[in-house]
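All residue numbers for the sequence shown refer to UniProt numbering, where the first residue is 1 and numbers rise by one.
Glycine included, each C-beta is placed from N, C-alpha and C at the ideal position.
Computed from a predicted structure; not experimentally measured.
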Amino acid sequence: MGEIPGLRERKKLRTRHALIAGALRLFLDKGYEQTTISEIAMAADVSTRTFFSYFASKEEVVLCDARETLDHMLRTFAERRPDEGPADLLARAVEMIFETLVDDAEAGWEITEINRLVMSVPSLRAQALLLMFDAQHRMVEALLEAFPGELDVVEACAAVGSVVGTAKLAISVGLKRGGPAHEVLKGCRQAVGLTLAGLRAVPPFES
């Protein structure tokens with residue numbers, strides 16, 4: 001008898017969350033460099049082979065959410081609605097991410113602990129910085145494609161840089177001040193909202 005539609009994907013999602021959560025707890029308890037892939041697999045009650053079917057390395061476990069967030073943003077930009085302005089499109093893309101994190105306590109814990117870990121491990125911090133710069137470049141190009149002739153490069157850079165920079169700084173400061181995950185994400189959401197409100201006050205971002 002075949003599996004119920006969607007069951008396989010739900011199983012895969014649970015395994016993925018178990019690997020990420022197990023890895024983060026081991027990284028926090030033992031240290032990033034001291035934790036082995038075998039230990040991560042064991043913590044999630046899967047084989048090492050299964051680990052590699054989800055992630056290519058320990059670094060991938062830590063940075064996968066950033067890549068998936070970028071993919072989400074790019075897809076949203078590519079699906080711009082006819083009546084959407086640049087600030088509205090950015091707001092919709094960002095809000096969909098926040099709604100997921102608010103509704104999923106485990107995902108919210110993961111993203112805050114990942115940011116905490118990245119800030120404490122120099123090699124991860126360097127890689128995350130490169131990833132963030134690349135993501136912003138790609139978001140700028142995608143925003144320009146979504147609004148041909150309506151935005152120039154400087155305006156697209158200002159919009160993407162202000163939103164991404166605000167989100168990153170709000171999370172970083174919130175974690176440094178020792179806030180719990182839900183409060184850090186709430187503060188980040190509010191900070192990004194203020195940035196988007198500021199964008200909407202000036203052309204060509206006015207609604």
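Excluding the five sequence neighbours on either side, which residues of its own chain have a C-beta within less than 8 Å of the C-beta of residue i, listed in chain order?
| i | result |
| --- | --- |
| Val140 | Val153, Ala156, Cys157, Val160 |
| Glu106 | His17, Ala21 |
| Gly6 | none |
| Ser162 | Thr195, Gly198, Leu199 |
Can you tell me whether DSSP reads residue i as helix, strand or coil?
| i | result |
| --- | --- |
| Val94 | helix |
| Thr36 | coil |
| Leu26 | helix |
| Arg177 | coil |
| Gly2 | Because the pLDDT at Gly2 is just 44, under 50, the model does not fix this residue reliably, and the point stays unresolved. |
| Glu9 | helix |
| Pro82 | coil |
Quick check on the DSSP output: the alpha helix (DSSP H) that includes residue i runs from which residue to which?
| i | result |
| --- | --- |
| Phe55 | Where Phe55 is concerned, there is no enclosing alpha helix (DSSP H), given that its DSSP letter is neither H nor E. |
| Leu144 | 122-146 |
Excluding sequence positions up to five away, which residues of its chain have a Cβ less than 7 Å from the Cβ of residue i?
| i | result |
| --- | --- |
| Leu143 | Phe77, Pro86, Leu151, Ala156, Ala159, Val160 |
| Ser47 | Ala41 |
| Ile97 | Thr69, His72 |
Would you call residue i buried or exposed, if buried means 16 or more other Cβ atoms sit within 10 Å of its Cβ?
| i | result |
| --- | --- |
| Lys12 | exposed |
| Gly165 | exposed |
| Lys30 | exposed |
| Arg116 | buried |
| Glu206 | exposed |
| Arg75 | exposed |
| Lys176 | exposed |
Taking 7 Å as the line, does the beta carbon of residue i fall inside it for any heavy atom of the ligand SAH?
| i | result |
| --- | --- |
| Ala146 | The model on display carries no ligand, and the ligand SAH is accordingly not part of it. |
Could you pull out every residue in the same chain whose Cβ sits closer than 6 Å to the Cβ of residue i, ignoring the five residues on either side in sequence?
| i | result |
| --- | --- |
| Met1 | Note that Met1 has pLDDT 41, beneath the 50 cutoff, so the model's placement of it is unreliable and no number is given. |
Exercise. For the 8 Å Cβ check, are there 3 or more pairs between the stretch 50-66 and the stretch 178-192?
Worked result: no
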